[in-house]
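Enquirer: Below are the structure tokens for one structure; questions will follow.
There are 2 protein chains.
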Amino acid sequence: MHLDPAQLAALAAILRSGSFERAAHDLGVTQSAVSQRLKALETRVGALLVHRGQPCTGTATGRRLAAHADRIGLLEADLARDVAALAPAPRTRLRIAVNADSLATWFPDALAGMPEHLFELVIDDQDVSHDWLRRGEAVGAVTASDQPVAGCNVVTLGALRYIPTASPEFMARHFPQGVTADAIASAPMLQFNVKDRLQHNWIERVFGRAISPPSHLIASPEGFVRAARLGLGWGLNPETLVTQEIAAGQLVPLLPGAHFDTPLYWQSGRLLAEALAPLTRAIRKAARDRLRI
Amino acid sequence: MHLDPAQLAALAAILRSGSFERAAHDLGVTQSAVSQRLKALETRVGALLVHRGQPCTGTATGRRLAAHADRIGLLEADLARDVAALAPAPRTRLRIAVNADSLATWFPDALAGMPEHLFELVIDDQDVSHDWLRRGEAVGAVTASDQPVAGCNVVTLGALRYIPTASPEFMARHFPQGVTADAIASAPMLQFNVKDRLQHNWIERVFGRAISPPSHLIASPEGFVRAARLGLGWGLNPETLVTQEIAAGQLVPLLPGAHFDTPLYWQSGRLLAEALAPLTRAIRKAARDRLRI
Chain H
26 MHLDPAQLAA LAAILRSGSF ERAAHDLGVT QSAVSQRLKA LETRVGALLV
76 HRGQPCTGTA TGRRLAAHAD RIGLLEADLA RDVAALAPAP RTRLRIAVNA
126 DSLATWFPDA LAGMPEHLFE LVIDDQDVSH DWLRRGEAVG AVTASDQPVA
176 GCNVVTLGAL RYIPTASPEF MARHFPQGVT ADAIASAPML QFNVKDRLQH
226 NWIERVFGRA ISPPSHLIAS PEGFVRAARL GLGWGLNPET LVTQEIAAGQ
276 LVPLLPGAHF DTPLYWQSGR LLAEALAPLT RAIRKAARDR LRI
Chain X
26 MHLDPAQLAA LAAILRSGSF ERAAHDLGVT QSAVSQRLKA LETRVGALLV
76 HRGQPCTGTA TGRRLAAHAD RIGLLEADLA RDVAALAPAP RTRLRIAVNA
126 DSLATWFPDA LAGMPEHLFE LVIDDQDVSH DWLRRGEAVG AVTASDQPVA
176 GCNVVTLGAL RYIPTASPEF MARHFPQGVT ADAIASAPML QFNVKDRLQH
226 NWIERVFGRA ISPPSHLIAS PEGFVRAARL GLGWGLNPET LVTQEIAAGQ
276 LVPLLPGAHF DTPLYWQSGR LLAEALAPLT RAIRKAARDR LRI
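Order-wise, the sequence lines are chains H and X. With positions in the first sequence counted from 1, the corresponding number in the working numbering is that position plus 25. With positions in the second sequence counted from 1, the corresponding number in the working numbering is that position plus 25.
Here you go:
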């Protein structure tokens with residue numbers, strides 16, 4: 026099962042840029058060449074690979090094949106470092122699944138020292154980011170689970186610490202008798218999206234039972250902090266995003282000393298372990314500097 | 026075409042909470058009642074409404090019906106304000122489509138004064154957020170287009186100002202001869218996702234032609250700022266997110282006085298205009314305070 030590299034490159038360029046025209050520009054070929062290569066690949070595979078639209082997006086099979094192309098590029102770049110006669114391959118973009126709070130806090134630090142790569146950081150909940158690995162659409166993922174995805178290595182990173190916070194006005198209005206189970210049940214809560222159970226898990230740990238407060242859904246770490254400061258609701262914010270606000274009295278921890286640690290792991294494909302070793306080292310270092318051990 | 030309110034409420038609660046069990050808890054009924062109501066509604070409509078899973082998610086028809094239920098709740102809450110004999114309806118969650126940069130900067134301010142509502146803020150590019158309105162899945166959207174979606178009113182909000190920035194080290198390394206078209210073509214650029222054409226549009230305005238630099242895809246406003254500070258690439262950042270960094274010399278504008286203004290609009294359903302009037306007022310006020318006119 027050998028696939029034509031030029032056809033794979035055409036597919037990857039279309040999905041990266043979102044259009045046939047820009048893919049042609051990026052590859053330095055005509056638009057008709059891009060179109061023919063894609064059609065040949067679709068015939069070869071026997072499946073539609075690209076939804077033609079604004080922008081063009083990949084079908085499940087198309088995304089899987091493009092990820093395959095990116096991986097080959099990664100292995101070729103690694104090879105070119107060792108075999109001097111080979112020209113370095115053009116830089117491929119590495120897709121990594123990261124939870125939004127890691128991306129907003131410590132994760133970019135890991136990528137700063139790696140100018141040889143381009144990155145695509147896709148955001149997903151840490152509880153589901155391993156799905157990207159399982160579908161083969163990312164080369165690595167920051168996950169909440171230490172259960173390895175088939176074919177992947179797991180590295181322990183440390184814990185992202187969260188503090189449950191609210192504005193002083195919110196505390197006075199909704200928790201005049203303190204943060205009781207009754208008060209928690211009716212005070213508006215912030216939630217990232219319906220998949221986010223962080224606040225619920227904290228409630229269950231503190232009060233010993235499940236409570237479902239009314240909640241705002243705000244899928245943005247900095248939107249979360251702003252919403253808490255503005256008194257829309259209380260929520261668990263990454264420690265490093267609220268240090269200043271807590272010091273300035275704009276946000277108050279719900280309970281003294283309350284925090285919630287989420288352990289994080291780095292999982293990446295075993296076949297790519299050597300090619301990804303510098304990235305894995307950089308991620309471990311950033312985690313050591315910025316996460317709780 | 027009258028639909029049973031209890032059945033609609035069951036559907037909305039399942040999609041809001043992501044599970045039958047939590048929906049039952051939220052509605053104060055048994056899980057079997059929730060399950061029966063959903064099945065009855067699916068029979069009535071003749072379509073699957075919920076993908077059973079972890080979490081449960083809506084089918085296209087299911088999401089449309091849940092949005093309908095939320096809208097009825099909104100109209101009932103509005104009615105209860107005027108007809109004293111009616112008990113206030115339970116708070117429904119208003120889904121609003123917002124671009125990530127607005128959510129990270131000025132938009133939460135608009136919601137702070139509206140404790141009578143719960144909000145779900147879905148993030149999408151400002152160029153496509155009106156699709157949420159068109160599909161009927163959001164009651165309002167912050168859009169980049171002043172072309173009204175069918176059945177919607179359009180309010181001009183002002184412009185979000187962006188500054189193209191990079192770290193001083195990045196400037197010295199990639200733009201030693203200044204920001205020329207040749208240098209822009211090879212320096213790594215930051216891009217939110219493939220739909221994001223903001224950087225490309227700025228390049229075209231400045232250099233008079235289309236250029237596609239190599240780019241990192243980082244779908245996070247604060248990840249964008251951090252990546253720029255760390256020297257991963259240059260990118261257009263919302264003015265208010267980089268004021269401090271520019272003052273401290275951690276980020277430098279690519280060209281003196283360079284900025285890029287994106288006009289934003291608020292669109293919302295005409296049928297809900299009266300019920301949404303306080304929200305529309307609050308959004309206009311926040312925009313007046315925080316956007317460029």
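In this text, a Cβ means the ideal position worked out from N, Cα and C, and glycines have one as well.
Only counting the same chain, and skipping five residues up and downstream in sequence, which positions put a Cβ closer than 6 Å to that of residue 186 of chain X?
Expert: Position 161 of the second sequence holds residue 186 of chain X. The residues are 264, 284, 286, 317.
Enquirer: Determine contact between the segment 292-312 of chain H and the segment 94-103 of chain H, defined as no fewer than three beta-carbon pairs at a distance below 8 Å.
Expert: yes
Enquirer: Would you say residue 270 of chain X lies against chain H (beta-carbon separation less than 8 Å)?
Expert: The residue you call residue 270 of chain X lines up with position 245 of the second sequence. Answer no: the Cβ-Cβ gap between residue 270 of chain X and chain H never drops below 8 Å.
Enquirer: Please state the DSSP three-state secondary structure of residue 318 of chain X.
Expert: Here residue 318 of chain X refers to the residue found at position 293 when the second sequence is read from its first residue. Of the three classes helix, strand and coil, the one that applies to residue 318 of chain X here is coil, per DSSP.
Enquirer: Answer with yes or no whether the minimum CB distance from residue 143 of chain X to chain H is below 8 Å.
Expert: Residue 143 of chain X sits at position 118 when you count from the first residue of the second sequence. Judged by the 8 Å Cβ criterion, residue 143 of chain X is in contact with chain H.
Enquirer: Could you tell me if residue 20 of chain X is buried or exposed, where buried requires 16 or more neighbouring beta carbons within 10 angstroms of its beta carbon?
Expert: What the structure shows of chain X is the stretch from 26 to 318, and residue 20 of chain X is not part of that stretch, so it cannot be assessed.
Enquirer: Given a limit of 8 Å on CB to CB distance, which residues of the segment 28-44 of chain H reach chain X?
Expert: 40, 41, 42, 43
Enquirer: Hey, residue 174 of chain X and residue 132 of chain X are a contact pair by Cβ (cut 8 Å); roughly how many whole angstroms apart?
Expert: In the second sequence, the residue the question calls residue 174 of chain X occupies position 149. In the second sequence, the residue the question calls residue 132 of chain X occupies position 107. Not really, about 19 Å apart at Cβ, beyond 8 Å.
Enquirer: So residue 219 of chain X and residue 288 of chain H are in contact, right, with Cβ under 8 Å, and what is the actual spacing, rounded?
Expert: To locate residue 219 of chain X, count along the second sequence from 1; it is residue 194. To locate residue 288 of chain H, count along the first sequence from 1; it is residue 263. Going by Cβ atoms, the distance from residue 219 of chain X to residue 288 of chain H rounds to 32 Å, so no, they are not a contact pair.
Enquirer: How about residue 274 of chain X and residue 193 of chain X: do their beta carbons lie closer than 8 Å?
Expert: Here residue 274 of chain X refers to the residue found at position 249 when the second sequence is read from its first residue. Here residue 193 of chain X refers to the residue found at position 168 when the second sequence is read from its first residue. Their beta carbons are under 8 Å apart, which means residue 274 of chain X touches residue 193 of chain X by this criterion.
Enquirer: Pick helix, strand or coil for residue 74 of chain H, following the three-state DSSP scheme.
Expert: Here residue 74 of chain H refers to the residue found at position 49 of the first sequence. Three-state DSSP puts residue 74 of chain H in coil, outside helix and strand.
Enquirer: Are at least three pairs of beta-carbons, each pair with one atom in the segment 122-132 of chain H and one in the segment 38-45 of chain X, less than 8 Å apart?
Expert: no
Enquirer: Give the C-beta separation of residue 239 of chain X and residue 143 of chain H to the nearest angstrom, bearing in mind that I take them to be a contact with Cβ-Cβ under 8 Å.
Expert: Taking the second sequence and counting its residues from 1, the one referred to as residue 239 of chain X is at position 214. Taking the first sequence and counting its residues from 1, the one referred to as residue 143 of chain H is at position 118. Correct: roughly 6 Å between the Cβ atoms.
Enquirer: Helix, strand or coil: how does DSSP classify residue 218 of chain H here?
Expert: Along the first sequence, one-based indexing puts residue 218 of chain H at 193. Coil.
Enquirer: Is the beta carbon of residue 62 of chain H less than 8 Å from the beta carbon of residue 31 of chain H?
Expert: In the first sequence, residue 62 of chain H corresponds to position 37, counting from 1. In the first sequence, residue 31 of chain H corresponds to position 6, counting from 1. Contact flag set, yes.
Enquirer: Please compile the residues from chain X whose C-beta is within a distance smaller than 8 Å of the C-beta of residue 201 of chain H.
Expert: Translated into the one-based positions of the first sequence, residue 201 of chain H becomes position 176. The premise fails here: residue 201 of chain H is roughly 16 Å from chain X at the closest Cβ pair, so nothing lies under 8 Å.
Enquirer: Given that residue 60 of chain X touches chain H, what residues does it touch there, using C-beta distances under 7 Å?
Expert: Mapped onto the second sequence, residue 60 of chain X falls at position 35. By Cβ distance, chain H contributes nothing, its closest Cβ being about 18 Å from residue 60 of chain X, past 7 Å.
Enquirer: Since residue 280 of chain X contacts residue 249 of chain X with CB under 8 Å, what's their CB separation in whole angstroms?
Expert: Locating residue 280 of chain X in the second sequence gives position 255, counting from the first residue. Locating residue 249 of chain X in the second sequence gives position 224, counting from the first residue. Rounded, the Cβ-Cβ distance is 19 Å, inconsistent with contact.
Enquirer: Reducing DSSP to helix, strand and coil, say where residue 133 of chain X ends up.
Expert: Here residue 133 of chain X refers to the residue found at position 108 of the second sequence. Residue state, collapsed to three classes: helix.
Enquirer: For residue 252 of chain X, which option in H:134, H:29, H:191 has the closest C-alpha, if you only look at C-alpha atoms?
Expert: Translated into positions along the second sequence, residue 252 of chain X becomes position 227. Proximity to residue 252 of chain X across H:134, H:29, H:191 peaks at H:134, based on C-alpha coordinates.
Enquirer: So, at 7 Å on beta carbons, what are the nonlocal neighbours of residue 139 of chain H in its own chain, with the 5 sequence-adjacent residues on each side left out?
Expert: Position 114 of the first sequence, counted from the start, is the residue given in the question as residue 139 of chain H. The answer, listed in chain order, is 303, 304, 307.
Enquirer: Report the rounded CA-to-CA distance for residue 237 of chain H versus residue 257 of chain H, giving the unit in angstroms.
Expert: Here residue 237 of chain H is taken as the residue at index 212 of the first sequence, counted from 1. Here residue 257 of chain H is taken as the residue at index 232 of the first sequence, counted from 1. If you take the alpha carbons of residue 237 of chain H and residue 257 of chain H, they lie about 17 Å apart.
Enquirer: Quick check on residue 90 of chain X: buried or exposed, where buried means 16 or more other Cβ atoms within 10 Å of its Cβ?
Expert: The sequence position of residue 90 of chain X within the second sequence is 65, counting from 1. Buried is the call here.
Enquirer: Please name the residue, chosen from H:64, H:190, H:296, that lies closest to residue 266 of chain H on a Cα-to-Cα basis.
Expert: As a first step, residue 266 of chain H is located in the first sequence; it is residue number 241 there, counting from the start. Out of H:64, H:190, H:296, H:190 has the C-alpha closest to the C-alpha of residue 266 of chain H.
Enquirer: In this structure, does DSSP put residue 43 of chain X in helix, strand or coil?
Expert: The residue you call residue 43 of chain X lines up with position 18 of the second sequence. In the three-state scheme derived from DSSP, where H, G and I count as helix and E and B as strand, residue 43 of chain X is classed as coil.
Enquirer: Whose Cβ in chain H lies nearer than 8 Å to the Cβ of residue 134 of chain X?
Expert: Locating residue 134 of chain X in the second sequence gives position 109, where the first residue counts as 1. Chain H residues near residue 134 of chain X: 251, 255.
Enquirer: Below 8 Å on the Cβ atoms is my guess for residue 330 of chain H versus residue 82 of chain H; work out the distance and round it to an integer in Å.
Expert: With chain H running from 26 to 318 in the structure shown, residue 330 of chain H is simply not present.
Enquirer: Leaving out five residues on either side along the sequence, give the residues of the same chain with a beta carbon under 8 Å from the beta carbon of residue 277 of chain X.
Expert: Translated into positions along the second sequence, residue 277 of chain X becomes position 252. 190, 191, 192, 193, 196, 271.
Enquirer: According to DSSP, what are the bridge partners of residue 118 of chain X?
Expert: To locate residue 118 of chain X, count along the second sequence from 1; it is residue 93. Its beta-bridge partners are X:143.
Enquirer: With 8 Å set as the bound, which would you pick, yes or no: does the beta-carbon of residue 220 of chain X sit closer than that to a beta-carbon of chain H?
Expert: Numbered from 1 along the second sequence, position 195 holds the residue referred to as residue 220 of chain X. True, the Cβ-Cβ gap to chain H drops below 8 Å.
Enquirer: Output yes or no for whether 8 Å exceeds the beta carbon distance between residue 212 of chain X and residue 199 of chain X.
Expert: Here residue 212 of chain X refers to the residue found at position 187 of the second sequence. Here residue 199 of chain X refers to the residue found at position 174 of the second sequence. Contact flag set, yes.
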